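Student: Can you read through this structure? Questions will come right after.
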Amino acid sequence: MSKDHVIDRLYETIAARRSADPTKSYTAKLLGEGVERCAKKFGEEAVETVLAAMKGDKVAIAAESADALYHLLVLLAATGVTPEEVYAVLAARESRSGLDEKASRR
7 MSKDHVIDRL YETIAARRSA DPTKSYTAKL LGEGVERCAK KFGEEAVETV
57 LAAMKGDKVA IAAESADALY HLLVLLAATG VTPEEVYAVL AARESRSGLD
107 EKASRR
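What follows is the structure, given as structure tokens:
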């Protein structure tokens with residue numbers, strides 16, 4: 007996938023911030039606090055996205071989704087998973103029905 011995609015650019019920025027000063031970079035601070043903290047922040051943002059969706063607030067859904075995506079990318083960086091690895095899983099599932107794919111994981 008092209009590095010022109012916003013997700014890829016954001017991931018590259020997040021990965022580069024790993025070595026930044028945690029007193030000056032929120033991303034560096036999160037990454038420095040470890041996988042558990044990064045996972046917790048992603049979970050919090052996911053819940054906030056759900057709550058916005060339940061209210062039907064499109065502006066809040068977009069804003070919370072952006073926060074959730076950012077925190078997911080921080081979690082991926084913290085665990086050493088790249089967007090390309092996620093894209094590969096999605097591509098492998100692309101030709102399968104969701105019901106068939108879910109059944110194969112049981």
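Under the numbering used here, the first residue of the sequence shown carries the number 7, and numbering increases by one thereafter. Where is the CB? At the ideal position from N, CA and C, for every residue including glycine. Fair warning: this is a prediction, and the values are worked out from it, not measured in the lab.
Ordered along the chain, which non-local residues of its own chain (more than five positions away) have a Cβ less than 6 Å from that of PRO28?
Tutor: Counting only Cβ-Cβ distances below 6 Å, and skipping sequence neighbours, we find ALA34, LYS35, GLY38.
Student: What is the rounded straight-line gap between the Cα of VAL95 and the Cα of VAL87?
Tutor: A direct Cα-Cα distance of roughly 12 Å separates VAL95 from VAL87.
Student: Among the residues of its own chain, which have a CB less than 8 Å from the CB of ALA74, if the five just before and after it don't count?
Tutor: PHE48, GLU51, ALA52, GLU54, THR55
Student: Counting C-beta neighbours from all protein chains within 10 Å, is the total for ARG102 16 or more, i.e. buried, or is it exposed?
Tutor: exposed
Student: Would the stretch 67-84 count as touching the stretch 9-22 if we require 3 or more Cβ pairs under 8 Å?
Tutor: yes
Student: Note down the Cα distance separating ARG24 from HIS11, rounded to an integer number of angstroms.
Tutor: 21 Å
Student: Whose C-beta lies closer than 7 Å to the C-beta of MET7 among residues of the same chain, with five residues either side of it excluded?
Tutor: With a pLDDT of only 44 at MET7, under the threshold of 50, the placement of this residue in the model should not be trusted, and no figure is reported.
Student: Among SER110, SER71, LEU79, which residue has its Cα nearest to the Cα of VAL41?
Tutor: LEU79
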